[in-house]
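Below you'll find the structure, written out as structure tokens, and then a few comments.
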Ligand SMILES: Cc1ncc(COP(=O)(O)O)c(C=O)c1O
Ligand SMILES: Cc1ncc(COP(=O)(O)O)c(C=O)c1O
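Protein chains in written order, with my numbering: chain L, 16 to 144; chain D, 16 to 144; chain X, 61 to 447; chain U, 61 to 447.
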């Protein structure tokens with residue numbers, strides 16, 4: 016059976032926020048791959064433990080685009096810890112819901128962000144240096 | 016699938032010839048039974064080796080009624096030997112055809128007639144008396 | 061010529077409102093419900109609202125309704141699907157002697173592949189006894205399939221008690237409700253039903269559409285394979301206009317249920333009384349109570365059913381008989397014989413089945429035309445003895 | 061908003077003339093074709109004339125046409141029916157890697173019950189090689205089932221040669237012609253076909269109806285059980301309006317075949333050229349010759365298909381993709397992958413399928429809207445490298 020996106024999802028699909036790259040990003044993280052048909056690259060700039068800027072590029076379906084868009088909008092300006100609380104459930108809620116078979120697409124951005132911060136912390140952990 | 020009778024079959028069904036009994040019949044022959052859902056009783060009066068009169072009663076479907084009707088019409092007045100040539104094929108042809116699944120109903124009257132004559136011959140065979 | 065259609069157990073006229081509802085789905089909202097575009101979404105939405113309508117009529121959840129191509133397919137998917145899914149639990153199936161061929165032939169097929177089937181007898185009213193059913197259950201029993209209402213003699217079975225018995229023993233309970241839906245109030249929860257078959261064309265919906273209700277959590281294996289439609293249980297591009305029409309027909313049936321039952325019952329009773337009064341040596345087949353509101357089945361001594369149907373057809377009355385004089389030999393209805401009726405009377409049966417569109421006038425016409433026809437056929441019958 | 065329907069391989073709009081032909085069978089000539097009265101005879105006659113119309117389109121005898129509920133059911137009855145009927149002769153089936161799920165899943169089911177299935181590979185154009193087929197045949201082979209034309213990339217197979225090979229070895233040859241009927245001239249005699257599946261809704265007939273052609277004398281076992289309709293191969297009350305509409309659709313397709321093919325081919329070629337010219341890094345999937353007249357399938361580097369379909373939908377264009385991002389994970393088309401296309405390109409495929417109702421205008425609209433959409437999606441794609 017087909018599925019239906021609500022207006023808000025469509026709006027984010029048609030006018031995605033924060034698309035692009037950040038040249039001097041602190042972290043660049045890619046999840047997925049063209050082989051699995053879903054791929055997202057997240058560019059993050061941090062300042063004083065806050066997400067100063069974030070951009071994305073995605074090779075993915077409409078839900079992947081819309082969830083990445085709203086996710087970047089939601090984490091921008093937040094502290095890293097606050098941003099880590101924006102899980103896929105939060106994203107789906109913020110969009111007013113997704114068709115059941117599309118819910119998994121909302122994992123891409125939070126996953127990428129989570130991985131990114133983990134890597135970043137590891138790299139900047141004084142104990143590890 | 017349903018089936019369709021032609022006009023001639025319908026006409027014989029609605030106005031069957033020679034229905035009834037012959038009180039002083041020379042031969043009365045019944046084929047079939049209520050258990051098999053098809054039953055025909057034929058009353059035959061012979062004279063000088065000719066079928067002087069013939070009547071029938073049937074418990075059977077429309078095709079059984081129509082074929083019995085036309086059969087009696089066809090044999091009446093014929094010599095017994097000519098009448099024995101009125102097989103089910105001849106009856107079906109005379110009616111202008113029957114639906115395939117109804118062809119077997121046209122066996123009733125010729126069968127009854129055949130049996131009747133056989134029995135009659137046996138009973139009246141000088142050699143057997 | 062006047063034409064009176066009284067063969068509504070065979071099929072019904074599609075309701076005008078149903079046709080109107082279907083029309084846009086042929087050439088406007090004609091998308092494939094699996095497609096990711098506006099045409100597909102229109103179709104998918106229509107499908108889901110039809111699913112709601114069907115579910116509402118029988119007290120199910122929409123997610124428990126699977127659309128099929130008709131009653132036969134629903135019965136096949138239910139019986140084969142449950143049998144194959146439970147092969148390791150047991151190989152015994154219980155049904156009744158008076159089921160529709162869609163159930164009986166499917167059970168016979170399973171017998172050929174190693175299943176054991178008990179065909180429960182019925183009493184003179186066509187009723188399966190609950191204690192027979194209880195006694196038939198073994199450790200191996202995996203499915204009980206007993207029809208809700210019989211298509212020939214209108215007997216309504218006590219499915220609720222049967223369902224309770226099945227549930228108690230952890231056995232799946234399927235009922236063929238093709239004839240009862242829209243004519244008997246039925247709730248799958250109340251009646252302890254696990255699987256239920258419906259066919260659209262028996263309740264003023266289009267032909268070639270049906271549904272199978274499968275209670276949530278019931279283990280069932282697909283028997284048709286393809287693109288995964290209807291959650292894998294019935295693949296094939298969904299027949300959107302047909303399903304939409306079916307949904308509408310269910311909605312109408314639901315809204316008018318009491319009124320329809322009252323209307324048909326009263327005409328039915330008038331017809332039965334009228335025939336039995338007017339025609340000697342005629343007997344009612346099937347029960348006097350718990351009988352489908354639209355079913356009349358009467359046998360006339362010494363009269364053959366197909367001849368009777370043909371004669372009625374000649375005066376514009378469409379009805380049916382339990383006699384089928386086909387290819388090789390005549391056969392009498394297995395249902396009538398199972399009730400203990402003699403062959404002769406079984407061959408002489410007439411089924412008159414009403415619908416919500418049947419009128420007083422139709423009944424009057426039958427009561428005018430039928431007696432002389434029976435008389436004429438009897439006058440030609442070697443079995444008829446004038447008194 | 062302008063709406064342009066270009067997903068005709070998924071389903072088609074029902075022709076107005078077809079709807080008109082169906083209408084009386086809903087509420088006037090609504091009888092059951094098995095009934096012995098005037099309503100039944102009207103239905104039976106309509107059924108038989110539809111059977112003639114379907115038979116004429118493929119060069120079969122009417123008695124070789126069995127009506128079904130659609131392409132999936134035709135494929136299932138053909139494959140399971142032949143397999144079960146020939147179990148004692150052998151247990152090997154040959155098919156191709158690019159069949160529709162209605163064939164592939166049915167074959168997989170047979171594998172689970174002891175049959176062996178060979179899935180022949182295809183070349184870059186999606187074509188099965190005749191010598192591969194020859195080599196795959198064993199003493200055990202009882203069925204070859206290769207689709208006539210592919211639903212995704214439009215490849216037309218050389219069924220005549222395959223049929224000859226099968227006939228020579230006394231093996232039943234089935235072809236799924238769901239996509240080709242009405243778009244490729246086909247004669248079952250000329251092409252040595254023993255069984256052939258058709259679906260009404262792919263050629264401007266109603267959904268939920270199909271046919272299976274079975275050559276006279278072919279041993280086949282029923283897989284659905286019931287009242288013996290369609291000579292026992294497909295029991296269930298016949299869907300008279302649907303079948304009548306299907307017959308009419310076949311008649312129309314037969315009468316306009318050359319004209320339709322020319323119309324669609326010319327628009328198809330214009331569309332392919334227009335897209336490939338306007339959009340860099342786009343490649344045509346499927347063959348350049350012996351391609352369905354209504355099929356366009358193009359992949360765009362770095363673009364994901366479902367996003368593309370959604371963007372097209374937003375401007376009113378209905379098309380489809382070989383990408384299906386469903387429940388758990390995305391899957392790329394098994395057909396495109398079988399032709400050797402990379403995953404990325406398979407995910408980025410767009411299928412545009414035309415019909416006899418497609419206009420120059422529709423094509424122009426796609427050529428106007430598609431390039432900027434691809435450009436926008438590429439600008440968001442991490443895989444896109446500007447040159
Ligand atoms: C009791 C019963 N079950 C099943 C069926 C089969 O339904 P369909 O003809 O829709 O396949 C019928 C009617 O034919 C029926 O009366
Ligand atoms: C090649 C092919 N075979 C079979 C089918 C199944 O047909 P239906 O949807 O009518 O069951 C389709 C279409 O869905 C198809 O394209």
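Every residue gets a Cβ at the ideal spot worked out from N, C-alpha and C, and that includes glycine. For clarity, every value in this text was computed on a predicted model and none was experimentally measured.
Query                                                                                                                       : Result
Integer Cβ distance of residue 304 (chain U) from residue 110 (chain U), believed to fall under 8 angstroms                 : 5 angstroms
Reference residue 368 (chain X), options U:90, U:89 and U:96, closest by Cα                                                 : U:96
Residue 47 (chain D) Cβ short of 7 angstroms to ligand 1 heavy atom set                                                     : no
Close Cβ partners of residue 176 (chain U) (< 8 angstroms) along its chain, the five nearest in sequence each way excluded  : 151, 152, 153 and 200
DSSP three-state assignment for residue 410 (chain U), whether helix, strand or coil                                        : strand
Residues near residue 192 (chain X) in its chain [Cβ-Cβ closer than 6 angstroms; skip 5 each side]                          : 180
For ligand 1, residues whose Cβ lies under 5 angstroms from any non-hydrogen atom                                           : X:130, X:131, X:132, X:160, X:162, X:211, X:236, X:238, X:239, X:259, U:296 and U:297
Residue 358 (chain X) - partner residues in DSSP beta bridges                                                               : X:344 and X:410
Cβ of residue 63 (chain U) within 8 angstroms of any chain L Cβ                                                             : no
Span of the beta strand (DSSP E) around residue 71 (chain D)                                                                : 65-74
Neighbourhood of residue 259 (chain X) by C-beta, 6 angstroms cutoff - its chain only, sequence neighbours within 5 removed : 130, 131, 238 and 270
Minimum C-alpha distance to residue 125 (chain X) - residue among X:114, X:138 and X:426                                    : X:114
Span separating the alpha-carbon of residue 23 (chain D) from that of residue 89 (chain D)                                  : 14 angstroms
Residue-chain proximity (residue 355 (chain X), chain U), Cβ-Cβ < 8 angstroms                                               : no
Proximal chain D residues relative to residue 306 (chain U), where beta-carbon distance stays under 7 angstroms             : Correct list: empty, because the minimum Cβ distance to chain D is about 17 angstroms.
7 angstroms Cβ cut-off: residues of chain C touching residue 109 (chain X)                                                  : Of the chains in the structure shown, none is chain C; the protein chains are L, D, X and U.
Residue 207 (chain U) in three-state terms, based on DSSP                                                                   : coil
CA-to-CA distance, residue 143 (chain U) to residue 382 (chain U), given in whole angstroms                                 : 30 angstroms
Residue 81 (chain U) beta carbon less than 8 angstroms from that of residue 261 (chain U)                                   : no
Local Cβ density within 10 Å of residue 336 (chain U), reported as buried at 16 or more and exposed below that              : exposed
Span separating the alpha-carbon of residue 118 (chain L) from that of residue 347 (chain U)                                : 37 angstroms
Residue 236 (chain X), enclosing beta strand (DSSP E) - first and last residue                                              : 232-236
Inter-residue Cα distance where the pair is residue 77 (chain U) and residue 428 (chain X)                                  : 42 angstroms
Three CB pairs or more closer than 8 angstroms across the region 193-213 of chain X and the region 227-241 of chain X       : yes
Three-way DSSP call (helix, strand, coil) for residue 250 (chain U) in this model                                           : coil
C-alpha distance - residue 315 (chain U) paired with residue 145 (chain X), whole-angstrom precision                        : 48 angstroms
Extent of the continuous beta strand (DSSP E) to which residue 256 (chain U) belongs                                        : 255-259
Proximal residues of chain X, C-beta to C-beta of residue 300 (chain U) below 8 angstroms                                   : 267
DSSP state of residue 178 (chain X) mapped onto helix, strand, coil                                                         : strand
Bounding residues of the beta strand (DSSP E) (the contiguous stretch that carries residue 153 (chain U))                   : 152-156
Euclidean distance between Cα positions of residue 372 (chain U) and residue 17 (chain L)                                   : 15 angstroms
Short CB-CB distance (under 8 angstroms) between residue 19 (chain L) and chain X                                           : yes
Proximal residues of chain D, C-beta to C-beta of residue 104 (chain U) below 9 angstroms                                   : 16, 17, 18 and 19
Rounded C-alpha distance that separates residue 407 (chain U) from residue 74 (chain U)                                     : 31 angstroms
Rounded C-alpha distance that separates residue 140 (chain L) from residue 132 (chain L)                                    : 11 angstroms
Any chain X beta carbon closer than 8 angstroms to residue 72 (chain D)                                                     : yes
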